[in-house]
Every structure is written in structure tokens, then in C-alpha cells.
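Residue numbers (this note's numbering): 1027 to 1606.
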């Protein structure tokens, strides 16, 4: 081959990602289904859910202090905002708020009341945000306010309770000191007067200190906090609206579709990309046949001006002509993996026409003796002249004797067709001596032999010819062939002594056409009909008219201004026989 097969580099991550994304886009039905499911789910949530309203109140927490205006006073002294948040959602606050709401006519339990409450703390603040969600705006406002007030009330009660407990402790310490002072005052005596006065003075100082502490506790400002933002009735329901839910549903549905496509891709046995086809077959990609639409449905694309399909066949023929592996023998076997062989038949005929256009003497052999159809599809007329490869003993009426005809390609030349026909013993006919002499025609200078064989995985006919026709071209639809099929073809052809020159991708059919083709194939018992099969590439002349054949009767094509006609001036195999 001219160039070694380039393997996929592991470091080529962008190319691999693009390739995998293109593979996922092949399953458009799964992607569209996921998006539809997501949109339906979003619409259902938006239309079936009840409207809810959220009212919010903000409470600034502060600690008890003797002088809030003193220098160095800190509002967060002794406050753990995390603990305060836990207190705000505690059952104690819920029970007190439920009592106040019950007094106003809203009978609700503490557990149910706390279920709609959410308390948050904005960063770097001593603020607690009470958000309550209810079915009506008024209910959300009343319950949010009741919970915020209940929290402040509980906090005040706890602060005042702590002050009272500390004052009681000081009073308990003060009582024995007062009793000792009274006892000392009752004592009298000359010698102990000084000692009594000193002890009494010490007791008075201690009693004064305890009284001062009790007074300071009573003077503390026990305000627990301030309600900076009172809850108000919300004017609009909370939560995502219909547009937002539809958007989220579409995104989630798209993600679901991509996931399903990825799962389908993982378990899909078909060839997922050209890289995978090249890697599985072990041969390069020769070309991809374009799909042409129009009124012309002719079998041969070569010979029609302006045909993209014809240009692709010409490009494949030139690539094969300069391939060293093909140039050594100038024999080519064209086949398909399995199933319908119509695409391979069209490729073989068009490649024969392309080589004839290059000035070669082309011999096209239809080795498909089970379902032959080339003669009817090409519409050729057989000549009475006996071919050079026939001998007297070969003229017994069996194939391939009497099967020769000439196919004229308008504006391109002609090639020889040896049409197949049904025989009783196909393997014996393919391995007969006349077939060997036909294949040996490729050894003559300027001659190209193209053999059309049945699908290689359906019958062993192609394998029987590989030892004499070494170069093999596989014509397949990447959406219908499996990776395991390509690997098996590579092993079979390699073990038979041949080599795969490359793959030719036929235009993919739509799903409807594919199903119709399979249905027609079953009805006909697996045999092709006379016309082109459902998988045959449809060539179209964009101008709506066929190219005219040369009018002077010369062997070479007449130059009419079409740049494709200059292809015949190049002779990759040297000067053809009979030309000077």
C-alpha cells in the first residue's frame, strides 16, 4: 500500500471527543425522546404542583450588657450563632409559637409548624433569617412573625432566668455574712474590742461587694435582639415557574438522552466511525460514495457529467491504480460482508468503467453465480466472437463460455463483461480452468481484471477466488456492518493468501428504505430481482441529460470540455497494448 495505516493516537483527545460526540448524535431518536420526556416532566411539575408562598423576617441577635455604649463593648460577646440557629428551630420555640397562633385562631401543632420553617444565617453577621413557606400569603406572614417573636421571647426568658439564678446565688452567700455581722455587734468586751471591730469591718466589705454584684445583675439590659425586618405578605408564589421548569426539564431530558445514547453506543455492535472501521478491517478507507437524488436512477455513474458519485469512483480507481499491492497483479475482487450484494455490483461496474476511462483494457467477471444480475442491470448485448481465453474443449455451454459481452460507457470507453449465470455446482465452476485463464488475463500489460463475488460471510465463493485474485475491496454500509464481521473478513482473507486493499462505504439508506429492502428481500426468498437492489447507489446527472458517446467511432473518448475526460491521458500501468 502507498501509506501505512495510521492508528488512533491516545493523546489526540479533542479528535476522540469530537468523534464520540458525532457517534452520540447518530441516535437522534433517543436524544429527542429524552428532551420530550424532560419537557413533559417539567410541565407536569409546573401545572400539577400547588402554589406556595414564602414570608421572611430577620432578627438581629444581641447579648445582655450593662452599658451598650461603653468603650470596647461588643455585641457578639458570648454569642454562638450556630447554637442560636439550632435554638430557633427547636421544639421549645415551635411550642411557644403554636400557642400564640392558637390564640389567634390558627390551630397548628409544633411539629407541623416547624416543618415549613427555614432559618439561615447570612455570612459574617449576627442575623437570623426566618423563612416560612405556606399555602397562602397571610398564613406565611403570620407564622413567620410568630416564630421570630417566639424565638426572641425564649431568648429573653433564658437570659432573665440566668440573671435570677446568679442573683439567688449571691443572696445565698450574703445571708451567713449578715448573720455573722449581727453576732459581732452583740458581743461586747474590753480586751476583744479591737478584734471584733476588725472582723466586723471585713464582713461589711464582703456584704457590700455581694450587694453590688446583685445590683449590677439587676441593671443588665436583657434585650435578646431586634426584629429588623418584619414578615410581610408575599405578592407572588415562590419556586420555579413554568418557563424555568420547562428549561430545567429540557436540560435534564437532554442529559438523559445523552446517557441513553451512550449506553446504546456501548452495546452497539455496528461500526461507529471510520476510525473504528479502519482499525477493525486493517485496511484504509478508499472512499465514501455520496448520495445523489434526482430523476436518473441509472446503474452506471461513470459517463454522466457533473456526477459527484462518478468523481468518487474515479478517485478510488486512481488510488487503486497507484497502490503497489494492486499494481503488481492488476486483479481486484469486489465483495460485500453479508446480505445484499447490489452495492458491490454497482461498485465493480463503475470501477471497471473508471479503469476503461483511464485507457485500460478491463475485464469484469461476475462470479456471483447464485444470484447473477449484472447483465440485466447493465443492459448489454453479447457479441458472437469467441473470447481469447476459450478453447475448443471449453465450448460445452457451461459457464463462463458464451457469457462474454461488451459494455459501452458513453464518453468513457468500453469494458468486457463476463456475466454470471446459475450453475449446478458453484465451487467447481469457480475453480475451473477457464476461470483460471480469465483471471490470468491480468498478467497482460494494460489489462485490469475485476471480479465481483458474493458476500464473503454468506458464501465461500469469494474465499475460493482469493488465492488467484489477491487484492480485495469491501463495499459496505457502516450502519449495517458489525465490527466482528470486519475482523472476521480480515482473518479469512489473510488466511486465504489475499490482502484487503481497502473499504468503500456506500451511501447509507434511510430507516424506511432499509426496512422496505429487508421486507422485499424476505419475500423474494433472499434473491435479488432484475433491477437494482434497494442498496444500490443511485447516481444522478445534475444536468438531467446523459453524456453523448463519441461520434467519430474512435477508441478514445472525445474531448468535449469536461475536465474528467482528461483522465484517460494518464496511464499508470505504462503504455497500453496496441498504442504507440
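Each residue gets a CB set at the ideal place from its N, CA and C atoms; glycine is no exception.
May I ask you to report which of helix, strand or coil DSSP gives residue i?
| i | result |
| --- | --- |
| residue 1071 | helix |
| residue 1532 | coil |
| residue 1234 | helix |
| residue 1081 | strand |
| residue 1115 | coil |
| residue 1312 | strand |
| residue 1126 | helix |
| residue 1475 | strand |
| residue 1105 | coil |
| residue 1328 | coil |
| residue 1171 | helix |
| residue 1305 | helix |
| residue 1185 | helix |
| residue 1145 | strand |
| residue 1457 | coil |
| residue 1051 | coil |
| residue 1386 | coil |
| residue 1392 | strand |
| residue 1552 | Bear in mind that a pLDDT of 44 at residue 1552, under 50, signals an unreliable position, so the model cannot answer this. |
| residue 1207 | helix |
| residue 1091 | strand |
| residue 1398 | coil |
| residue 1354 | coil |
| residue 1060 | helix |
| residue 1228 | helix |
| residue 1339 | helix |
| residue 1465 | helix |
| residue 1317 | coil |
Based on DSSP bridge pairs, tell me the residues matched to residue i.
| i | result |
| --- | --- |
| residue 1439 | 1435 |
| residue 1160 | 1079 |
| residue 1360 | 1478, 1499 |
| residue 1086 | 1153, 1252 |
| residue 1444 | 1391, 1430 |
Skipping 5 residues on each side, what residues in its chain have a beta carbon closer than 7 Å to that of residue i?
| i | result |
| --- | --- |
| residue 1083 | 1156, 1170, 1171, 1174, 1253, 1255, 1256, 1257 |
| residue 1115 | 1140, 1143, 1145 |
| residue 1249 | 1088 |
| residue 1263 | 1077, 1078, 1079 |
| residue 1631 | What is shown of the chain runs 1027 to 1606, which leaves residue 1631 out entirely. |
| residue 1239 | 1196 |
| residue 1117 | 1136 |
| residue 1491 | 1359, 1393, 1456, 1477, 1479 |
Relative to the ligand SAM, is the shortest distance from any of its heavy atoms to the C-beta of residue i smaller than 7 Å?
| i | result |
| --- | --- |
| residue 1304 | In terms of ligand content, the structure shown is empty, and the ligand SAM therefore cannot be addressed. |
Quick check: residue i and residue j, are their CB atoms within less than 8 Å of each other?
| i | j | result |
| --- | --- | --- |
| residue 1338 | residue 1473 | no |
| residue 1484 | residue 1317 | no |
| residue 1207 | residue 1229 | yes |
| residue 1379 | residue 1332 | no |
| residue 1403 | residue 1478 | no |
| residue 1508 | residue 1310 | no |
| residue 1179 | residue 1122 | yes |
| residue 1060 | residue 1273 | no |
| residue 1276 | residue 1523 | no |
| residue 1360 | residue 1501 | yes |
| residue 1357 | residue 1468 | yes |
| residue 1444 | residue 1377 | no |
| residue 1504 | residue 1297 | yes |
| residue 1373 | residue 1530 | yes |
| residue 1353 | residue 1438 | no |
| residue 1176 | residue 1119 | yes |
| residue 1242 | residue 1164 | no |
| residue 1516 | residue 1452 | no |
| residue 1349 | residue 1512 | no |
| residue 1458 | residue 1497 | no |
| residue 1147 | residue 1107 | yes |
| residue 1154 | residue 1111 | yes |
| residue 1225 | residue 1203 | no |
Starting from the C-beta of residue i, find all residues in its chain whose C-beta is less than 6 Å away, skip the five residues before and the five after it, and write them out in chain order.
| i | result |
| --- | --- |
| residue 1053 | 1287, 1290 |
| residue 1447 | 1398, 1425 |
| residue 1488 | 1361, 1479, 1482 |
| residue 1595 | Unreliable positioning characterises residue 1595 in this predicted model, as indicated by a pLDDT of 33, which lies under 50. The coordinate reading is nonetheless provided below. Cβ within range, chain order: n/a, list empty. |
| residue 1370 | 1360, 1361, 1362, 1501 |
| residue 1278 | 1064 |
Answer yes or no: does any C-beta atom of chain C fall closer than 8 Å to that of residue i?
| i | result |
| --- | --- |
| residue 1426 | Absent here is chain C; the protein component of the structure consists of one chain. |
Ignore the nearest five residues each way along the sequence and tell me which others in residue i's own chain have a CB closer than 8 Å to its CB.
| i | result |
| --- | --- |
| residue 1465 | 1357, 1391, 1475, 1477, 1491, 1494, 1495 |
What alpha helix (DSSP H) runs, 4 residues minimum, are completely inside the segment 1235-1301?
As far as the segment 1235-1301 is concerned, its whole alpha helix (DSSP H) runs of at least 4 residues are 1268-1292.
Residue ranges of each alpha helix (DSSP H) run of no fewer than 4 residues wholly in the segment 1483-1536, ordered along the chain?
1487-1492, 1509-1521
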